[in-house]
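Undergrad:
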Amino acid sequence: MRKILIAIMVMLVSYTSEAQFIQGSVRKGTAYNQVDVMFRSTFNSNVGEYVNYVQFSLSIPVSAYQAGVTATLTPVGPFAPLVFAQGPQYTQGSTNERVFTWVCVNPAVTAMSWTTADFVGATVTFTGGIANTLVKMCDYTNAGGGSNSNTYFAINVTQHGGDVTNYGDLYFTNLGESTENIYGNGDQFVQTSALVSLPVDFLNFSGYRAGARNILNWTTSSEQNNKGFEVQRSIDGSNYVALGFVNSLAPGGNSATELSYTFSDNNLSGSRQYYRLKQVNLDNSSKYSNIVLIKGDRGMQMTIDGLYP
10 MRKILIAIMV MLVSYTSEAQ FIQGSVRKGT AYNQVDVMFR STFNSNVGEY VNYVQFSLSI
70 PVSAYQAGVT ATLTPVGPFA PLVFAQGPQY TQGSTNERVF TWVCVNPAVT AMSWTTADFV
130 GATVTFTGGI ANTLVKMCDY TNAGGGSNSN TYFAINVTQH GGDVTNYGDL YFTNLGESTE
190 NIYGNGDQFV QTSALVSLPV DFLNFSGYRA GARNILNWTT SSEQNNKGFE VQRSIDGSNY
250 VALGFVNSLA PGGNSATELS YTFSDNNLSG SRQYYRLKQV NLDNSSKYSN IVLIKGDRGM
310 QMTIDGLYP
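Sequential numbering from 10 applies to the sequence shown in my numbering.
1. I believe G170 touches Q29 by the beta-carbon criterion, under 8 Å. Please report the beta-carbon distance rounded to the nearest angstrom.
2. Considering just the uninterrupted stretch of the beta strand (DSSP E) at M121, what are its terminal residues?
3. Could you confirm whether any beta carbon from chain C is found closer than 9 Å to the beta carbon of S68?
4. With Q241 as the anchor, note down where its beta strand (DSSP E) starts and where it stops.
5. Tell me which same chain residues have a C-beta within less than 6 Å of the C-beta of S66, skipping the five on either side of it?
6. Quick one, which of T188, R218, L204, A140 has its alpha-carbon nearest Q197's?
7. With a cut-off of 8 Å, do at least 3 Cβ pairs link the region 171-180 to the region 70-88?
8. Using 8 Å as the threshold, is the region 266-286 in touch with the region 231-246, meaning 3 or more CB pairs across them?
9. I69: buried (16+ other C-beta within 10 angstroms of its C-beta) or exposed?
10. Identify whether G86 lies in helix, strand or coil by the three-state DSSP scheme.
11. Bridge partners of E106, per DSSP?
12. Taking the straight line between their C-alpha atoms, what separation do you get for M121 and F52?
13. Please name the residue in N115, Q64, I303, L82 whose C-alpha comes closest to that of G220.
Written out as structure tokens, the structure is:
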């Protein structure tokens, strides 16, 4: 009997040591409002092997959420060929978190390869939040307490046994990049070690004629890593020239309160003037606003969405 038990134990140890897994993780990305979705494999992919299913969810605290928050995924690295569909975002009451989920069902043969080195499989860019926050990769399906069947981490490949999800330990961490923990009911999560900015992409921009000059006014509701605004003008609505640069009033480019700006164009030409703002970040990335048209003594006030990248 003892020999049989020993034989069984040896078989179990052998099976465990040969098990093939891919785990997930998350870290702050290169942009201030971006995270990297990470993967770690215990095996090198075979020639012709590819991922045919992967699903994961990210979450942010409800305190950092407001209506209009978006999370945009871009596949990169070994997973660049994959196409992801984003599920409806929702609020998980038990954790007080806003959840974003992506699923890739890949039925076609897709050339890809990976090794046992950690790699970034996707980046996710957030816009429209109201705070800096840690971002989690979460799983709400623990049999001992979780009940949301749509929010989980799983991955399948075409070889190595198919399902390579490590259900006992879904996530991995790297020092200084991420930490791992469990919710009160035992569900697993891993979160960024560094805060991620969720910039508010709302701006009020208006203009009016005052004698022989045009006055432009705009207000930001918050700013993250903002260097300032290049004011540009066009007389045909297509070709713009820079008139000047207005530095951010936010200390260090960051503010959680409203800030107001004014710019005066004293050298008018033509019967109508089109204006736009080029918002420039501290890393020199930029994005354009929508357009304000001033025609004669009339000005148009516009609400601008998407000023921040």
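C-beta: ideal position from N, C-alpha, C; glycine also.
As the structure is a computational prediction, the values presented were derived from the model and not from experiment.
TA: The answer reads as follows:
1. Within the sequence shown, numbered from 1, the residue matching residue 170 stands at position 161. Within the sequence shown, numbered from 1, the residue matching residue 29 stands at position 20. Their Cβ separation, rounded to whole angstroms, is 6 Å, which keeps G170 and Q29 in contact under 8 Å.
2. Within the sequence shown, the letter at position 112 stands for residue 121. Neither: M121 is in no beta strand (DSSP E) and is coded neither H nor E.
3. Among the protein chains of the structure shown there is no chain C, as only one such chain exists.
4. As a position in the sequence shown, residue 241 is number 232, starting the count at 1. DSSP places Q241 in the uninterrupted beta strand (DSSP E) bounded by 235-243.
5. Looking up residue 66 in the sequence shown gives position 57. So the qualifying residues of the chain are V108, T110, C147, T160.
6. Against the sequence shown, residue 197 aligns to sequence position 188. Just measuring C-alpha positions, the residue of T188, R218, L204, A140 sitting nearest Q197 is T188.
7. With a cut-off of 8 Å, the region 70-88 and the region 171-180 do not count as touching, because too few Cβ pairs lie within range.
8. Yes: at least three Cβ pairs fall under 8 Å.
9. Sequence index remark: in the sequence shown, residue 69 carries index 60 (1-based). That one is buried.
10. For the purposes of this step, residue 86 is taken as the residue at position 77 of the sequence shown. Reduced to three states, the DSSP call for G86 is helix.
11. Here residue 106 corresponds to residue number 97 of the sequence shown, with the count starting at 1. Per DSSP, P70, Q101.
12. On the sequence shown, position 112 is the one that residue 121 refers to. On the sequence shown, position 43 is the one that residue 52 refers to. If you draw a straight line from the Cα of M121 to the Cα of F52, it is about 14 Å long.
13. Along the sequence shown, one-based indexing puts residue 220 at 211. That would be I303, whose Cα lies nearest to the Cα of G220.
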